[in-house]
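Enquirer: As you go down the protein sequences, you meet chains S and R in turn.
At position 73 of the first sequence (counting the first as 1) the number is 73 in this note's numbering, and the numbers step up by one without a gap.
Take any residue in the second sequence, note its place counting from 1, add 249, and you have its number in this note's numbering.
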Amino acid sequence: VPAAPPAPLGCDDPESEAAAAVALSYINSHSHYGYKFALNRIENIRMLPQKLNDYILFLELDLLETTCHILSPTPLENCTVRSFTEHAVEGDCDVKLQKLDGKLSVLASKCHSHADSAEDVLQLCPDCPLLASLNNTEVETTVKAALDDYNSKTADAYLRLLEIGRAKIQYHPAHIVFVEFAVAATNCSAEAAKENVEACQLLPDDQSNFGFCTATKVISPSQDFQVNCQLYGHQVPTPDTSFPSQDTS
Amino acid sequence: SVAKREVAEAAQHDKVPRPVGFVPPPPPCPGKIRYFKI
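#1: Would a C-beta distance cut-off of 8 Å place L203 (chain S) and A185 (chain S) closer than the cut-off?
#2: What does a CB cutoff of less than 8 Å around V197 (chain S) pick up in its chain, not counting 5 residues either side in sequence?
#3: Do you know offhand how far A155 (chain S)'s Cα is from N228 (chain S)'s?
#4: Using the beta-carbon of each residue, which ones in chain S are nearer than 8 Å to P273 (chain R)?
#5: Provide the residue(s) that pair with V179 (chain S) in DSSP beta bridges, ordered along the chain.
#6: Thinking C-alpha only, which one of S:T137, S:K153, S:S208 is nearest Y232 (chain S)?
#7: Counting pairs of Cβ atoms below 8 Å between the segment 68-80 of chain S and the segment 45-53 of chain S, do you hit three or more?
#8: Return the CA-CA distance between F285 (chain R) and L147 (chain S), expressed in angstroms with no decimal places.
#9: With DSSP as the reference, identify every bridge partner of P262 (chain S), one or two as the case may be.
#10: Tell me whether the segment 125-134 of chain S and the segment 101-108 of chain S touch, counting them as touching only if at least three CB pairs, one residue from each stretch, are closer than 8 Å.
#11: To the nearest angstrom, report how far apart E195 (chain S) and N151 (chain S) are at their CA atoms.
#12: For a contact meaning CB atoms closer than 8 Å, what does F84 (chain S) contact in chain R?
#13: Checking contacts by CB at 8 Å: is G270 (chain R) closer than that to chain S?
#14: Rounded to whole angstroms, what's the CA-CA distance from N78 (chain S) to P8 (chain S)? Just pull it up for me.
#15: If you drop the 5 nearest sequence neighbours on each side, which residues of the same chain put their C-beta closer than 6 Å to that of F225 (chain S)?
#16: Under DSSP, the alpha helix (DSSP H) around S16 (chain S) begins and ends at which residues?
#17: Give me whichever residues DSSP pairs with C229 (chain S) in a beta bridge.
#18: Pull out every residue of the segment 44-65 of chain S whose Cβ sits closer than 7 Å to any Cβ of chain R, in chain order.
#19: By the three-class DSSP mapping on this structure, what secondary structure does A108 (chain S) have?
#20: Can you name, in chain order, every residue of its own chain whose Cβ lies under 6 Å from the Cβ of C128 (chain S), other than the five neighbours on each side?
#21: Compare the C-alpha of V143 (chain S) against each of S:A215, S:R46, S:E43 and name the closest.
#22: Could you check whether A88 (chain S) and I287 (chain R) sit closer than 8 Å to each other, using their CB atoms as the reference points?
#23: With 7 Å as the limit, tell me which residues of the segment 152-181 of chain S have their beta carbon closer than that to any beta carbon of chain R; keep them in chain order.
#24: Quick check on DSSP: helix, strand or coil for V95 (chain S)?
#25: Please list, in chain order, the chain R residues whose beta carbon lies closer than 7 Å to that of A185 (chain S).
#26: Are the Cβ atoms of L59 (chain S) and A21 (chain S) separated by less than 8 Å?
#27: Taking just the CA atoms, how far does Y26 (chain S) sit from P244 (chain S)?
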């Protein structure tokens, strides 16, 4: 008599949460831009028996962006989920996993992210700054000025821009630009870069040193400019031990 | 003659008697929200 099909899994069952943890770790370790995401809700889970002790799981996950850049060595559990009034970003992921003899591995994943609507944020916080486009002129100008400011004052390596992670602009009661961007150390000192910045190249992977900067530029009514950069130090890249998979971004 | 019963009366008769204090289990999915829903 064929084995009875497994009872349908509940989204809050321990087995579903274990699968979601494997999927989330895979998603964050295979992402190359932006921020780490945390699990907000398991929307759905389907289990398809293949043969004895071999299942395919389809997970629909609802994620929320954290404040940790994807290159940050901070463990995900220590990363703060961006609050609603910081203009949260949600990720929706469909993940296909295999559970073979009790071992979970990701076969494929597909995610897309979107920011909360401006109306939602303003309804709760009328004066909160809203996310701005990363190629907004004020954003790009502020990032360039912040990096130049940092490089002009540091005695360490000259930093190059990797990517602008997020930007917000507030217009009332003051006009303020908030930017966050990822940087990488080059093979030049900031002093040497003044002579010939073209010669400053990013360090090879086995010596790479990434960092993260935040800057706030008050444009009116007063003028102020705060820049803060933190280098992570060299991280030994973790070999990807998960199952080789045809991940789809 | 066939008399059509009132829906309420029919529903009353058809309703399966449930033990006192019966709480239907939560739907299996979607799961709990850990932070907030946007």
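Using N, Cα and C, we set each Cβ at its ideal position, and we do this for glycine too.
Expert: Judging by the given coordinates:
#1: In this structure, A185 (chain S) lies closer than 8 Å to L203 (chain S) by Cβ.
#2: Around V197 (chain S), the same chain offers Y158, C188 as residues with beta carbons nearer than 8 Å, after the five sequence neighbours per side are excluded.
#3: Going by the C-alpha atoms only, they are around 15 Å apart.
#4: Neighbours of P273 (chain R) across chain S, judged by C-beta separation under 8 Å, do not exist; the nearest C-beta is about 14 Å away.
#5: According to DSSP, which records beta bridges pairwise, V179 (chain S) is partnered with S:A167, S:A215.
#6: It is S:S208 whose Cα lies nearest to the Cα of Y232 (chain S).
#7: Segment contact: the segment 68-80 of chain S against the segment 45-53 of chain S, fewer than three CB-CB distances shorter than 8 Å; contact not assigned.
#8: Using only the alpha carbons, I get a separation of about 34 Å.
#9: Chain S is shown only over 1 to 249; residue 262 (chain S) falls outside these bounds and no answer can be derived.
#10: With a cut-off of 8 Å, the segment 101-108 of chain S and the segment 125-134 of chain S do not count as touching, because too few Cβ pairs lie within range.
#11: If I take the Cα positions, the gap works out to 13 Å.
#12: Listed by position along chain R, the residues whose Cβ is nearer than 8 Å to that of F84 (chain S) are F285, I287.
#13: With 8 Å as the cut-off, G270 (chain R) does not count as an interface residue toward chain S.
#14: C-alpha separation (whole angstroms): 32 Å.
#15: Result list for F225 (chain S): K217, in chain order.
#16: For S16 (chain S), the enclosing alpha helix (DSSP H) covers residues 14-29.
#17: In the DSSP output, where bridge partners are listed per residue, C229 (chain S) has S:C213.
#18: For the segment 44-65 of chain S, which is checked against every Cβ of chain R, the residues closer than 7 Å are N44, I45, L64.
#19: Three-state DSSP puts A108 (chain S) in a strand.
#20: If we look at C128 (chain S) and ignore the five residues flanking it on each side, its Cβ neighbours are T85, V121.
#21: Checked all of S:A215, S:R46, S:E43; the closest Cα to V143 (chain S) is S:A215.
#22: Taking 8 Å as the Cβ cut-off, I287 (chain R) and A88 (chain S) qualify as a contacting pair.
#23: Listed by position along the chain: nothing, the set is empty.
#24: In this structure, V95 (chain S) counts as strand in the three-state DSSP scheme.
#25: Simply none; closest approach about 34 Å.
#26: A21 (chain S) sits away from L59 (chain S), with the two beta carbons spaced by 8 Å or more.
#27: Confidence at P244 (chain S) is low in this model, with a pLDDT of 41, below 50, so the placement of that residue is unreliable and no value is reported for it.
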